[in-house]
Structure formats: C-alpha cells, structure tokens
Amino acid sequence: MESLKTDNNTSIWILVISLVFGLTLPFLIQDAMFQDAVLYSGVAHNQSVGFGTFWFPQYSTLNLEGLPSFHEQPPLVFGILSVCYKIFGSSIYVERGYTFLMLLLHIFLISTLWKEVYKNNPPYQKLSWLPVLLWILFPVCFWSFRNNMIENTMSVFILSSILVSYKAIQKEKSIWMWLLSGTFIFLASFSKGLPGLFPITFPIIYGLVYHKRINSKYIFYTFLLIIIPVIIYGILLLFPEPRESLSIYFYERLLKRVSEMPTTPNRFESIIRLFFESIPFLILLFLVMLFNVKKGINKILITKNEFLFFFLLGLCGIIPLMLTMVQKGWYMVPAFPYLGIAFASFIAPFIGSGGKNNLITKYLFPTAILTFSGVLICTLLQTGKISREKETLSDVYKIGQVVPKFSTITVPEDQYDQYNFVLQGFLVRYFHISISPYKEYDYFLTEKDSRIMIPRGYVNTDIPLEKYYLYKRSTQY
146 MESLKTDNNT SIWILVISLV FGLTLPFLIQ DAMFQDAVLY SGVAHNQSVG
196 FGTFWFPQYS TLNLEGLPSF HEQPPLVFGI LSVCYKIFGS SIYVERGYTF
246 LMLLLHIFLI STLWKEVYKN NPPYQKLSWL PVLLWILFPV CFWSFRNNMI
296 ENTMSVFILS SILVSYKAIQ KEKSIWMWLL SGTFIFLASF SKGLPGLFPI
346 TFPIIYGLVY HKRINSKYIF YTFLLIIIPV IIYGILLLFP EPRESLSIYF
396 YERLLKRVSE MPTTPNRFES IIRLFFESIP FLILLFLVML FNVKKGINKI
446 LITKNEFLFF FLLGLCGIIP LMLTMVQKGW YMVPAFPYLG IAFASFIAPF
496 IGSGGKNNLI TKYLFPTAIL TFSGVLICTL LQTGKISREK ETLSDVYKIG
546 QVVPKFSTIT VPEDQYDQYN FVLQGFLVRY FHISISPYKE YDYFLTEKDS
596 RIMIPRGYVN TDIPLEKYYL YKRSTQY
C-alpha cells in the first residue's frame, strides 16, 4: 500500500492534528466558558486558596440545594485542578491548559489503542490518525474540549482502562494489568460517578464478539474490574470525612437528582442525540460502500469483529444514561473514542488500495504545514477575546475591582437561580465573590431592566456596568 508511506502518513497526521486544534483551540483560548465549566473551575480555584477541602469543596456562600459544601460531582477532578492552580497560579489559562492536556492525552491514547488493536497489521496500524479524525468530528465532542467539562478527564481514565484491558486480554498471566485497569475505572467513577463504570463490560463484550461465548475466564476478568473500585471505595468509607462526603454525593445529589430533577421528558434522548451526532459518519459509511459495491462485503468482513466490539463498547457508555431522565449531550463524550475506532475499523479496509499519486505526495506536506500554521495563527488572534456572555463578564471584571474578594453580594430573589452559573460562576471563578437573595450584605446588585425596589440604605456606586446596577450600603445606615 504505497499510499501509506511514512511521509504521507506524517502529513496526514499534521492535517488531522490541525483539524483537532482548529475545532477547539480558537475557542478554548478565549475568555469565558460554558457555565458548568466555569462552575467546576470556580470550585477548584476556591479549593486551591483554602476555601473548601478535597472532601468538602466550596462553590459559594449558599452552594447548591442548601448543602454546606459542593457535591454535584465526586471530588477527584476538583482536587487535581486545584493542584494546578496552586502550581501555576490563578490565570484563566490554567484551566485552559488543563483542558488542552486532556485533549492531547485523548489523541495519544486513541492512537495507541488503535495501534494495539492492529499491531499485527502494519498497514492498518499506520492509519492511527483515522480514529482520532472520526472521534473529534462528533460535534458535542469538540464542544466539550472547548470547555473544561469533567467528562474530558473521566474519558482519559476510561481510555486508560480500556487500553490496559485490551493489552491484558491478549496475555494469559496478566492479573496485575486487570487490577490496574480496575484502578483506572475507580478514578473514572471518582471523577463523574456511575458513568465512569462502563469499562467493566469490556471482558464480556470481548468474549461475545471474538469467541461467541462467555466462559469463566471472562467472568473472572470482569470480577477483577469490579472488585478494585469496590475495595477502594470500601476503604474510603472506613474514614469519617470520605464517608460523609460520598454519602452526601450519593444520597443528596445522585439519588435526588435522578428522582426529582429530570432534564428531558424523553428517555431515549441520548440515543436520538447520538443518531444526529452520527449522521456525518453514516453518510460517510454509505458512500464508502457505494463506491466499493463490488468488494464492499468482503472488505467489511476483514474488520467486522473490531467494528462490532468497539461499537458495542461505545454503546455501553451511552445506553445506561437512558435509565434516568437526567441526560445531556456531553454525557456521551467518554463513549465517542470507541465509536470513532469502530467507524475507523469499518473504513480502514477501503483506504490505501489506490495507486500512488506523485502530485499529492509532493504538495501534501507543505499543505499540512501551512494548515497547521494557519490554525496556530488563528488561535493566537483570538487571545484576549470573550467567546460568550460578553456583557456579563465585562461587568464581573468591573465589580471585582470594587467588591472585596470572598464577599457576598445581595441580589433580588427573582434574579437568583442556584443552577444558573453564569453571573455567580464568573464572580466565584475570578474573585471568589458569591451572590445571595436571603440576606442584606454590603453590596446589592440588580439587573438594569428590573423594577425591583432597592432596599433602604443602598447607594448607587455609579460604576459603568452594561447589564447591572451595583449599590453599596451607605455608612449612614
């Protein structure tokens, strides 16, 4: 397969990396993120300066749902990110650098897993750029890496578990590798809870796809993957702080959210969303079959097991989401690497069968370098810009110059939503400032178009804000 020569392969890799970076970095480098990402960064940043601990993180004065600490997610990612803030400071580029690192780890782990799967097939192994390309093309996937979503970190641990499991299942005496894989599963669940557990299905799916049966060996491997998280959580529960923290997360957040706070009326929301996310791939697969109609079936059979295995593995990361009515698009992000590998396995037999094109070979590398350079330049040109919520963020920076850090600002009750992390999220992340409607503090903030009666004793600060008026309590009261 001459078209798979190293020089062409390197050029294609540069083009794929350019696409990955182009879909993420020009947005990631800008100020502001999706509100959940700002929330997570704010919690970790608070922890880095001593406001909150690993087991009892703090978001704001009120936190959420009346809890004394923040337990929307398990504490691992907040702990990791807080260490980053301690080392590198409070710059907005700390969480952006962390997100970029997660992006790079995904590229490395996906390509490494592909090479492991096709280690006995060098021509296919050289196509390690293909699953990376198909992975990043899921719209909600590249959106997630424009933001500091917790799924980005959880997915790294899941990928690590799957990679180790794949290596382990190729060997007979590999118990320690299964134990290591189980440890990664624990870390994934310690990042985002139950969705991080789906790699425990690996041995069963492998046995069904490759050997058409489930014997005691695969059951034993599954047991090893389950027992490690169970043991680690069991040890943690022996200690008061972890036990209290995890109990609050499980009973007050997880069970309560599932039963009382649905995000969709349709139980099949995730599958429907997956279908629309996959439309470009379905079209691509159809075209591949259409233009290879004579040899299509025979070529598909070459990698049918790999396609089926990774497709089922990806579905195992999505179907359990339908057990609850709490479903959001980015919850599927950890499953996309395996769907990308599945689709790449389907397409791989059709690549590289054509003859060598000297003209393409001549211009491919310069084109790749120019494309990569263009992406970097475009990214640098976005530095200092604001990607979203420009008026709010502009006001937050001005408010932070007046209101002392770690203060609480009073807001009208009808302008307070504990699950709206835009205004308070930015205030917390950049200045450790909370908002509350339940007590009169030294500062009062209200929207400009509000007709709320300003409490007695507050005087307009006359700060030129765009969306809000900021008042300060007069010393005469």
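Converting from the sequence shown to this note's numbering requires adding 145 to each position, the first position being numbered 1.
Virtual Cβ for every residue (Gly too), placed ideally from N, Cα, C.
Query	Result
Is the segment 177-197 touching the segment 226-238, taking contact as three or more C-beta pairs under 8 Å?	yes
Between the C-alpha atoms of MET299 and LEU250, what's the straight-line distance to the nearest angstrom?	12 Å
Along the alpha helix (DSSP H) that carries VAL556, what are the first and last residues, could you check?	Element bounds for VAL556: n/a, residue is neither H nor E.
Output needed for TYR614: all residues of its chain with C-beta closer than 7 Å, excluding positions within five of it in sequence on either side, in chain order.	THR591, LYS593, ASN605
Under a Cβ-count criterion, where at least 16 other Cβ atoms within 10 Å of its own Cβ denotes burial, should ARG398 be classed as buried or exposed?	buried
Tell me the DSSP secondary structure of ILE580 in three-state form.	strand
Along the chain, where does the alpha helix (DSSP H) containing GLU592 start, and where does it finish?	Premise fails: GLU592 lies in the beta strand (DSSP E), 588-592, not in any alpha helix (DSSP H).
With distance defined between alpha-carbon atoms, name the residue in PHE223, PHE495, SER415 nearest to ASN443.	PHE495
Does the beta-carbon distance from LEU254 to SER306 come in below 8 Å?	no
Is it buried or exposed, PHE172, if we count other Cβ atoms within 10 angstroms and call 16 or more buried?	buried
Can you find the residues in the same chain that come closer than 7 Å, C-beta to C-beta, to PHE452, ignoring five residues on each side of it along the sequence?	ALA487, SER490, PHE491
Check whether the segment 465-481 touches the segment 276-288, counting contact only when three or more Cβ pairs, one atom from each stretch, lie closer than 8 Å.	yes
Could you tell me the distance, in whole angstroms, from the CA atom of ALA333 to the CA atom of PRO220?	11 Å
Mark ASN293 as exposed unless 16 or more other C-beta atoms lie within 10 angstroms of its C-beta, in which case mark it buried.	buried
Sort out for me which residues DSSP pairs ASN208 with in a bridge.	Answer is none; ASN208 lacks a bridge partner.
Is ARG412 closer than 8 Å to MET467 when the C-beta atoms are compared?	yes
Which residue from PHE245, MET247, LEU272 puts its Cα closest to that of LEU258?	LEU272
What residue does the alpha helix (DSSP H) around VAL354 start on, and which one ends it?	347-356
With the cut-off set at 8 Å, would you say PHE566 and LEU212 are in Cβ contact?	no
Could you check which residue in TYR396, TYR508, GLU611, LYS617 has the C-alpha nearest to that of PRO549?	LYS617
What first and last residue would you give for the alpha helix (DSSP H) that runs through LEU615?	Segment 613-618 is the beta strand (DSSP E) holding LEU615; no alpha helix (DSSP H) there.
Please state whether the Cβ-Cβ distance between PHE287 and THR409 is less than 8 Å.	no
Quick check on VAL604: does DSSP put it in helix, strand or coil?	strand
With a 10 Å radius around its C-beta and 16 neighbouring C-beta atoms as the bar for buried, classify GLY500 as buried or exposed.	For GLY500, the predicted structure reports a pLDDT of 45, less than 50, and the residue's modelled location is therefore unreliable. A value from the coordinates is still provided. By the 10 Å Cβ count, GLY500 comes out exposed.
Taking the continuous alpha helix (DSSP H) assigned at THR244, which residues delimit it?	238-262
If you reduce the DSSP assignment to three classes, tell me which class SER148 lands in.	In this predicted model, SER148 has a pLDDT of only 42, less than 50, meaning its place in the structure is not dependable; the value taken from the coordinates is given anyway. Reduced to three states, the DSSP call for SER148 is helix.
Given a cut-off of 8 Å on the beta-carbon distance, is the pair LEU521 and ILE531 in contact?	no
Buried or exposed: ILE86, going by 16 or more other Cβ atoms within 10 Å of its Cβ?	Any question about residue 86 goes unanswered here, given that the chain covers just 146 to 622.
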